[in-house]
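Novice: All residue numbers in the sequence shown are consecutive under the numbering used here, ending with 620.
Here a beta-carbon is modelled for each residue, glycine too, at the ideal position from N, C-alpha and C.
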Amino acid sequence: MRKLALSDEILMKVDKPARYIGNEFNSVMKDTSQVNIRFAMCFPDVYEIGMSHLGIQILYDMFNRMDDVWCERVYSPWPDLHEIMKQENIPLFGLESQEPIKNFDFVAMTLQYEMCYTNILQILDLAQIPLRSRDRAEGCPIVIAGGPCTYNPEPIADFFDIFYIGEGETQYGNLFELYKKAKADGLSREEFLHEAAKIEGLYVPALYEVEYNEDGTICCMKPKYDDIPVKIKKQVQVDLTNSTYPEAPVVPFIKATQDRMVLEIQRGCIRGCRFCQAGMIYRPVREKSPETINKQCRALCDNTGYDEVSLSSLSSSDYSQIVPLLDKLNEWSKDEKVSISLPSLRVDGFTDDIMNKIKTVRKSGLTFAPEAGSQRMRDVINKNVREDELLQTCTTAFAGGWTTVKLYFMIGLPTETMDDVAAIAGLGQSVVDAYYKCPDKPKGKSVRVTVSASSFVPKPFTPFQWEPQDTIPVLHEKQQHIKDSITTRKIQFNYHDADTSYLEAVFARGDRKLCKVMELACERGFHFDGWNDCFSLERWLELFDECGVDPSFYANRRRSFDEILPWDHIDYGVTKDFLIRECKKAYADTTTPHCRLKCNNCGAAKYGKGVCFEKRKNMV
C-alpha cells in the first residue's frame with residue numbers, strides 16, 4: 001500500500017486535501033524497478049485547473065504507454081500547504097508514487113500563461129531543486145518546459161535546462177533514448193545537454209549567449225558552439241488521426257474547472273486574427289478524421305462516466321466535416337444521454353444545421369468573440385466578422401431557445417479610438433434589440449447579454465508583436481467609457497484587471513534581464529499571480545525598481561521592424577515578412593482572407609500538411 005507524502009494531520013489542515021493524494025480513477029501506477037525514466041509532469045497552477053489541461057493528458061498517456069517510462073502528475077500546492085511544506089521541510093512529490101520529484105530523471109512544466117511564472121519557481125523551490133540551471137549538480141533532474149510560453153522563453157531562460165519548442169508528440173522518444181544512452185555511457189549533465197541541443201526542436205538556453213546594445217535592445221543572440229543550430233525549429237505532429245490520444249484520462253477527485261471530457265478535433269486555425277498568438281503558432285491546420293473522433297468520443301464516455309464531451313479546436317465550426325461529424329456522434333449520444341458541445345464557434349459558423357445538432361447541450365449560454373465593437377476595428381484586427389452576421393447568428397440562437405449570450409472583446413488594440421470603445425456597448429445593445437425583434441424567441445423569458453473586455457497584450461509571433469500596450473491609466477479610462485455607454489440592465493459588463501495585463505505584457509515580450517526579477521520574486525514569496533487575491537502590481541513594481549529594470553521598456557514601447565526581438569532565434573513556422581505585411585495591412589484597415597479562400601504565404605506550407613498545402617497539391 002502506498003504511503004502518502006502528507007500525514008492525515010496535515011491533510012486535515014489544508015483546503016481540498018483531495019488535490020494531493022493521487023490514486024484517482026485511471027491514474028497509472030508502475031513498478032519503479034521496471035522503468036528506466038521517472039518523469040514528473042508539472043502544471044504550475046492549482047489541481048482543478050491543471051486537471052483540465054489537454055496537453056498534459058496527452059503526454060501523460062503517451063509516456064505511460066512506454067514500458068520503461070513512468071510519468072506522474074504534479075500541481076502547485078495552494079498557499080496553505082506551501083507554508084506547511086516549507087515549515088516541515090517536505091519536498092514536493094508526484095501524485096502517483098507520493099515520492100519526491102527531486103529524485104526523478106525529468107521535471108517538466110507546461111507554460112500556458114505568463115502569470116504562472118512565479119509558480120514555476122515555487123515548484124522548483126518546494127521540490128528542493130536549485131532554481132538556476134547552472135547551479136544544478138550531477139544527479140539533479142533535467143528541468144524541461146513546453147507549451148505556448150516557450151515562444152519567448154527568455155524571461156525564464158536561466159531556470160530551465162531545456163525548452164521543447166512545438167508539439168510534444170514528435171521528439172520526446174528521441175530525448176529519452178539519448179538520456180538512457182548518456183547514462184549508460186557515463187556522460188556528464190553538461191555533455192548530455194549539449195547532445196540534446198542537437199535534437200531538432202530542443203532549445204538549451206545555457207548554450208546560447210545574448211549581447212545587448214547600449215539602449216537595452218538586443219544586438220545578437222548566437223550559439224556558443226558550431227554544432228548546435230542557430231535557429232530552433234518548431235515541432236509539428238502532422239498526422240492527428242493516427243497520433244496518440246488518451247481514451248481513458250484520469251478522472252479528478254474534485255470538480256475540475258472544465259468539468260467534462262475534451263476531445264481535440266483539429267489543431268491550427270484558418271483565420272488570421274492579428275492579435276491572436278494561437279492562430280499563428282499552431283499553423284498549419286490539421287484535422288482528425290470523423291471516424292477517429294467518433295471512436296475516441298465513445299471511449300472517453302465509456303472510460304470516465306462523463307456525460308458531456310467538448311469538441312475542442314481554436315474554431316470548431318471551421319472543421320471541414322463538422323456537420324457529418326455531428327450526425328455520426330448523434331447516432332449514439334442522444335440514446336446514451338451524452339451532450340456534445342462546441343465551445344469555440346465563430347459568428348459565421350453557427351448555422352441552423354449546427355444548432356439543431358447540438359440541441360442536446362444544456363442551454364447555459366452561447367459565447368461569441370467579435371473582439372471589437374466597430375467594423376473599422378474588426379478590419380484592423382482581421383476578424384472578418386460583420387455586425388449583421390453577428391446579429392443574424394444571435395437571432396438564430398434566440399429562435400433555437402437560447403436566451404443568454406456572452407460577447408468577448410478586447411480594448412487597447414492598435415489604432416483604437418474612444419468611438420471604437422463606445423461601439424462595444426453599442427454592439428451589446430444591438431444584440432439585446434435583436435432578441436426582442438425575434439418573433440420565435442422563447443416566450444416569457446428575458447435576454448441577458450454579458451459583455452467582457454480584456455486588455456490587449458502584444459504577444460510574440462503575431463502581427464502586433466511590435467505594438468505598444470496601452471498604459472494602465474488609458475486602459476482604466478476605456479473600461480469606464482464602456483460602463484458609461486451601457487444604458488440597459490440587460491447587459492452585464494465584465495472586464496479584466498489592467499494591472500495583471502500589464503505584467504503579462506512585460507513577461508510576454510521580456511528578455512533574460514527579467515530572470516533576476518523572477519528569482520527575487522520567488523525569494524519574497526510571490527506565487528499565484530494569476531489569482532487576483534494573490535497578485536499585487538505594487539509589489540512587482542518595487543522589485544523591478546530594486547533590480548534596475550524598467551517594465552515599460554517591455555510593455556509600452558513600440559518596436560521597429562528591424563529590431564532584433566528576444567524570440568528571433570526560434571522558428572515557429574510563420575515568417576517575419578508575413579507578420580510585417582499583416583501589421584502594415586492593419587494600419588491600412590485592410591483584411592486578409594482566411595486560408596481556405598486564399599494562400600497568404602505565411603510560411604506554414606513548409607510542413608507539408610494543412611489547408612494551404614492540400615489546396616496547392618490538388619491544383620497541380
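List, from N- to C-terminal side, the beta strand (DSSP E) runs of 3 residues or more that fit wholly inside the segment 96-153.
Specialist: List check, beta strand (DSSP E) in window: 106-110, 142-146.
Novice: For residue 380, which residues from the same chain have a beta carbon less than 7 Å from its beta carbon, with the 5 sequence-adjacent residues on both sides left out?
Specialist: Around residue 380: 413, 414, 415, 586, 589.
Novice: Could you tell me the distance, in whole angstroms, from the CA atom of residue 10 to the CA atom of residue 84?
Specialist: About 8 Å.
Novice: Using a 10 Å radius around the Cβ and a threshold of 16 neighbouring Cβ atoms, would you call residue 150 buried or exposed?
Specialist: Residue 150 is buried by the Cβ-count criterion.
Novice: Residue 624 lies in the alpha helix (DSSP H); which residues open and close that run?
Specialist: For the chain, the structure presents residues 1 to 620; residue 624 sits outside this window and is missing.
Novice: Using the three-state DSSP reduction, which class does residue 216 fall into: helix, strand or coil?
Specialist: If DSSP states are grouped into helix, strand and coil, residue 216 belongs with coil.
Novice: If you measure from the CB of residue 536, is any heavy atom of the ligand HEM nearer than 7 Å?
Specialist: As for the ligand HEM, it is missing from this structure, which has no ligand bound.
Novice: Taking Cβ positions, are residue 621 and residue 510 nearer each other than 8 Å?
Specialist: Since the first and last residues shown for the chain are 1 and 620, residue 621 lies out of range.
Novice: Could you tell me how far apart the beta carbons of residue 162 and residue 196 are, in whole angstroms, since I believe they sit closer than 8 Å?
Specialist: Right, the Cβ-Cβ distance comes to about 6 Å (below 8 Å), so this counts as a contact.
Novice: DSSP beta-bridge partners for residue 449?
Specialist: Paired residue(s): 405, 491.
Novice: Assign residue 266 to one of three DSSP states: helix, strand, or coil.
Specialist: Three-state result, residue 266: strand.
Novice: Taking all protein chains shown into account, do 16 or more other C-beta atoms lie within 10 angstroms of the C-beta of residue 432, making it buried, or fewer, making it exposed?
Specialist: Its Cβ being crowded by 16 or more others within 10 Å, residue 432 is buried.
Novice: Based on DSSP bridge pairs, tell me the residues matched to residue 668.
Specialist: Because the chain here runs from 1 to 620, residue 668 falls outside it and cannot be looked at.
Novice: Determine the contact status of residue 610 and residue 286, defining contact as a CB-CB distance below 8 Å.
Specialist: The answer is yes: Cβ separation under 8 Å.
Novice: For residue 198 and residue 192, what's the separation of their Cα atoms in angstroms?
Specialist: Computed Cα separation, rounded: 10 Å.
Novice: Quick one: is residue 18 buried, meaning 16 or more other Cβ sit within 10 Å of its Cβ, or exposed?
Specialist: Exposed is the call here.
Novice: Using alpha carbons as the reference points, say which of 459, 474, 473 lies closest to residue 467.
Specialist: If we check each option's Cα against that of residue 467, 459 comes out closest.
Novice: Report the start-end ranges of each alpha helix (DSSP H) in the segment 514-546 that is 4 residues or longer and not cut off at the edges.
Specialist: With a minimum length of 4 residues, the continuous alpha helix (DSSP H) runs that stay inside the segment 514-546 are 515-523.
Novice: I'd like to confirm the pairing. Which residues does DSSP put opposite residue 78 in its beta bridges?
Specialist: None, per the DSSP bridge assignment.
Novice: Please name the residue or residues paired with residue 37 in a DSSP beta bridge.
Specialist: DSSP output for residue 37 lists 69 as bridge partner(s).
Novice: Cα-Cα, which of 176, 178, 156, 144 is closest to residue 166?
Specialist: Residue 166 has its Cα closest to that of 144, out of 176, 178, 156, 144.
Novice: Can you pull the DSSP bridge partners for residue 42?
Specialist: Per DSSP, 74, 109.
Novice: Below 7 Å CB to CB, which residues in the same chain sit around residue 439 once its five sequence neighbours on both sides are set aside?
Specialist: Cβ neighbours of residue 439 beyond the five flanking positions: none.
Novice: To the nearest angstrom, how far is the alpha carbon of residue 61 from that of residue 219?
Specialist: Distance between the alpha carbons of residue 61 and residue 219: 42 Å.
Novice: Hey, out of 445, 544, 513, whose CA is closest to residue 212's CA?
Specialist: Comparing Cα positions, the closest option is 513.
Novice: If I follow the unbroken beta strand (DSSP E) through residue 299, where does it start and stop?
Specialist: No beta strand (DSSP E) holds residue 299; the alpha helix (DSSP H) holding it covers 290-304.
Novice: Can you check DSSP and say which residues form a bridge with residue 163?
Specialist: According to DSSP, which records beta bridges pairwise, residue 163 is partnered with 145, 203.
Novice: Within its chain, find whatever has a CB closer than 7 Å to the CB of residue 120; leave out the 5 residues flanking it on each side and keep chain order.
Specialist: Correct list, in chain order: 44, 109, 156, 159.
Novice: What is the DSSP secondary structure of residue 282, reduced to helix, strand or coil?
Specialist: Coil at residue 282, not helix or strand.
Novice: Which of the three DSSP states, helix, strand or coil, is assigned to residue 223?
Specialist: If DSSP states are grouped into helix, strand and coil, residue 223 belongs with the strands.
Novice: If you count every other CB in all the chains shown that lies within 10 Å of the CB of residue 560, and 16 or more means buried, which is it?
Specialist: By the neighbour-count rule (16 or more Cβ atoms within 10 Å), residue 560 is not buried but exposed.
Novice: How many Å lie between residue 520 and residue 103 at the Cα?
Specialist: Spanning the two alpha carbons is a distance of roughly 26 Å.
Novice: Spell out a yes or no on whether the segment 44-60 and the segment 237-255 are touching, meaning 3 or more CB-CB pairs, one atom from each, closer than 8 Å.
Specialist: They touch, by the three-pair rule.
Novice: Is the beta carbon of residue 311 less than 8 Å from the beta carbon of residue 263?
Specialist: For residue 311 and residue 263, yes; Cβs fall inside 8 Å.
Novice: Is it true that the segment 268-283 meets the segment 218-233, where meeting means three or more beta-carbon pairs spaced less than 8 Å apart?
Specialist: Verdict: no, contact absent.
Novice: Going by beta carbon distance, what residues of the same chain come within less than 8 Å of residue 88, once the five residues before and after it are set aside?
Specialist: Excluding sequence neighbours, residue 88 sits near 10.
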